[in-house]
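Okay, so here's the structure we're looking at.
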Amino acid sequence: MTAPSVAPSVVAGTGAEEAVPARSPALAATLPPPLPAVRRLDLANFRAYVDAHLDLDPRPVVLTGPNGAGKTNLLEAISFLAPGRGLRRASLAEAARHGAGPLWAVAARLDTPGGPVALGTGPDPDAPQGSRRAVRINGAAAASQTALAEFLTVSWLTPQMDRLFLGPAGDRRRFLDRIVYGFDPAHAGRVSAYEQAMRERNRLLKQGMLDDAWLSGLEQVMAETGVAVAAARGDVVARLRAAIAQAGEGAFPKPDLALAGATEGALAARRPALEVEDALKEDLARRRRIDAAAGVTTDGPHRTDLHVSHAAKGVAADQCSTGEQKALLIGLVLANARLLAADRGVPPLLLLDEVAAHLDAARRAALFDAVLALGSQVWMTGTDALLFEALGERAQWIAVHQSTLSPGPTASPPLA
Ligand SMILES: Nc1ncnc2c1ncn2[C@@H]1O[C@H](COP(=O)(O)OP(=O)(O)OP(=O)(O)O)[C@@H](O)[C@H]1O
Ligand SMILES: [Mg+2]
Numbered sequence: 000m001t002a003p004s005v006a007p008s009v010v011a012g013t014g015a016e017e018a019v020p021a022r023s024p025a026l027a028a029t030l031p032p033p034l035p036a037v038r039r040l041d042l043a044n045f046r047a048y049v050d051a052h053l054d055l056d057p058r059p060v061v062l063t064g065p066n067g068a069g070k071t072n073l074l075e076a077i078s079f080l081a082p083g084r085g086l087r088r089a090s091l092a093e094a095a096r097h098g099a100g101p102l103w104a105v106a107a108r109l110d111t112p113g114g115p116v117a118l119g120t121g122p123d124p125d126a127p128q129g130s131r132r133a134v135r136i137n138g139a140a141a142a143s144q145t146a147l148a149e150f151l152t153v154s155w156l157t158p159q160m161d162r163l164f165l166g167p168a169g170d171r172r173r174f175l176d177r178i179v180y181g182f183d184p185a186h187a188g189r190v191s192a193y194e195q196a197m198r199e200r201n202r203l204l205k206q207g208m209l210d211d212a213w214l215s216g217l218e219q220v221m222a223e224t225g226v227a228v229a230a231a232r233g234d235v236v237a238r239l240r241a242a243i244a245q246a247g248e249g250a251f252p253k254p255d256l257a258l259a260g261a262t263e264g265a266l267a268a269r270r271p272a273l274e275v276e277d278a279l280k281e282d283l284a285r286r287r288r289i290d291a292a293a294g295v296t297t298d299g300p301h302r303t304d305l306h307v308s309h310a311a312k313g314v315a316a317d318q319c320s321t322g323e324q325k326a327l328l329i330g331l332v333l334a335n336a337r338l339l340a341a342d343r344g345v346p347p348l349l350l351l352d353e354v355a356a357h358l359d360a361a362r363r364a365a366l367f368d369a370v371l372a373l374g375s376q377v378w379m380t381g382t383d384a385l386l387f388e389a390l391g392e393r394a395q396w397i398a399v400h401q402s403t404l405s406p407g408p409t410a411s412p413p414l415a
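Under numbering that gives the first Met the number 0, the sequence shown has 240 at position 241, and the numbering climbs by one with no breaks.
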């Protein structure tokens with residue numbers, strides 16, 4: 000089968016994402032700046048979608064349909080409007096429709112407080128297969144996908160994240176780092192510079208180079224970027240803690256947050272950053288033999304953990320019930336969204352995959368109130384439209400069936 004021509008053309012910039020006209024000045028003067036919302040979405044060869052097109056208004060979007068219909072795939076497409084590997088942490092090749100070649104495209108027109116913007120992304124057709132994600136902004140190629148963070152923060156909750164408090168520290172660290180990107184778009188570049196230097200150091204150590212000046216250079220980069228990464232994490236966790244402490248008691252329990260990492264700890268103890276940088280560099284140099292034997296870098300900011308606990312109960316999140324863990328996570332995601340709104344004036348797009356199904360009616364109503372109060376567009380999925388009945392006309396409804404989209408809920412019996 001030949002690929003739909005929109006896939007390469009969107010990436011090449013001749014497709015759906017040309018520059019969007021700004022609102023007329025007279026209209027703009029009378030209205031508050033719009034909050035982030037997807038107004039048009041086009042997919043080509045993305046997952047099970049051959050192509051799909053949606054015109055939307057700023058209200059919350061409710062996606063309903065049976066298992067395997069394509070609800071999570073649609074949220075994943077939107078998650079690619081932010082830097083990174085999307086909500087499934089997929090490779091570019093995995094997101095391409097089976098049997099349709101390596102190229103896919105997601106294009107969107109969005110409202111943002113800075114004005115309308117057209118974003119397009121997909122594997123770069125000119126780069127070796129799957130090696131680079133191309134990004135176009137208002138029709139022009141962006142140097143890197145980190146440019147997306149200037150326009151939009153996308154935050155999500157998926158069923159896979161139910162194990163966030165029980166699983167490896169890396170999952171919680173990545174969760175935190177994504178939160179930090181929302182406050183400091185340069186954080187993503189620093190994290191990847193640190194990881195790149197670390198991989199190179201690990202490679203040299205595996206080759207038995209223990210005293211090379213090249214290693215010192217890499218350790219210097221790791222110390223500089225590592226301390227910057229740790230400082231940004233510490234700053235955001237402190238702000239989140241303060242925002243959570245100030246908020247009233249709501250339907251979702253307050254999470255207590257703490258960072259567990261030597262570098263973060265040293266910065267929290269107010270040691271000067273340069274001193275912490277030197278200490279990290281010395282520590283890395285001292286550990287060369289240990290790390291060579293282990294085949295990994297055994298300590299550093301890439302090992303930091305985010306400890307979460309249920310503040311009212313004083314119990315670590317991993318010791319809480321399944322429902323309590325889910326509620327803590329929702330509380331954390333909402334706290335982050337509110338803090339972004341307060342600090343940067345721009346709440347994130349929120350993607351809530353199968354969240355409503357786990358909540359009782361009172362908590363579901365509280366969630367709906369919270370997302371409506373946030374004001375940015377929130378996408379919610381479920382197999383049962385009745386779960387979202389309380390939203391009624393306050394949301395827009397899309398039925399998903401075998402990767403085709405149509406307006407209205409799929410509920411049976413239909414909603415009153
Ligand atoms: N690269 C791909 N190419 C083609 N189909 C794919 C690809 N990746 C996933 N799929 C298929 O897409 C379908 C829809 O998946 P999706 O996760 O979006 O369903 P869902 O509506 O969220 O279902 P559930 O309610 O079970 O969570 C699945 O049947 C899956 O096998
Ligand atoms: Mg799903």
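Yeah, the Cβ is synthetic: ideal placement off N, Cα and C, and Gly gets one too.
query	result
Cα-Cα separation between Leu-404 and Val-220, rounded to whole angstroms	48 Å
Alpha carbon of Phe-182 to alpha carbon of Phe-79, nearest angstrom	18 Å
Pro-127 Cβ short of 8 Å to ligand 2 heavy atom set	no
Assumed close pair Asp-304, Ala-187 - CB separation to whole angstroms, cut-off 8 Å	No, Asp-304 and Ala-187 are not in contact; Cβ-Cβ is about 20 Å, not under 8 Å.
Cα-Cα separation, Asp-255 to Ser-308	5 Å
For Asp-352 and Thr-321, believed in contact at Cβ under 8 Å, the rounded distance	Not a contact, Cβ separation roughly 17 Å.
Heavy atom of ligand 1 within 8 Å of His-97 beta-carbon	yes
Shell residues, 7 Å Cβ cut-off relative to heavy atoms of ligand 2	Lys-70, Thr-71, Asp-352, Glu-353 and Thr-380
Within the segment 114 to 145, ranges of the alpha helix (DSSP H) (whole runs, at least 4 residues)	none
C-alpha gap between Leu-34 and Thr-262, whole angstroms	36 Å
Alpha-carbon spacing of Ser-402 relative to Ala-336, whole angstroms	30 Å
Cβ-Cβ separation, Leu-350 to Trp-396 (assumed contact under 8 Å), whole Å	The pair is not a contact, with the Cβ atoms about 16 Å apart (cut-off 8 Å).
Contact test: Arg-46 Cβ vs ligand 1 heavy atom, cutoff 8 Å	yes
Through-space distance from Leu-62 to Gln-420, alpha-carbon basis	A question about residue 420 goes unanswered here, because the residues of the chain that appear run from 0 up to 415.
For Gln-401, the three-state DSSP class (helix, strand or coil)	coil
Buried versus exposed, by CB contacts within 10 Å (16 or more), Glu-274	exposed
Residue span of the beta strand (DSSP E) that contains Thr-63, given as start and end	60 to 63
N-terminal and C-terminal residue of the beta strand (DSSP E) that Ser-308 is part of	304 to 309
CA-to-CA distance, Arg-200 to Gly-216, given in whole angstroms	9 Å
Inter-residue spacing [alpha-carbon to alpha-carbon] between His-400 and His-357	22 Å
Closest residue to Gly-102 among Asp-110, Asp-125 and Pro-82 (Cα-Cα distance)	Position check: residue 102 holds Leu in this sequence, whereas Gly was assumed. The shortest C-alpha separation from Leu-102 is found at Asp-125.
Ala-261 (DSSP reduced to helix, strand or coil)	helix
Candidates Ala-76, Ala-355 and Gly-114: closest to Val-105 by CA position	Ala-76
Phe-150 to Pro-184 span [Cα, whole Å]	10 Å
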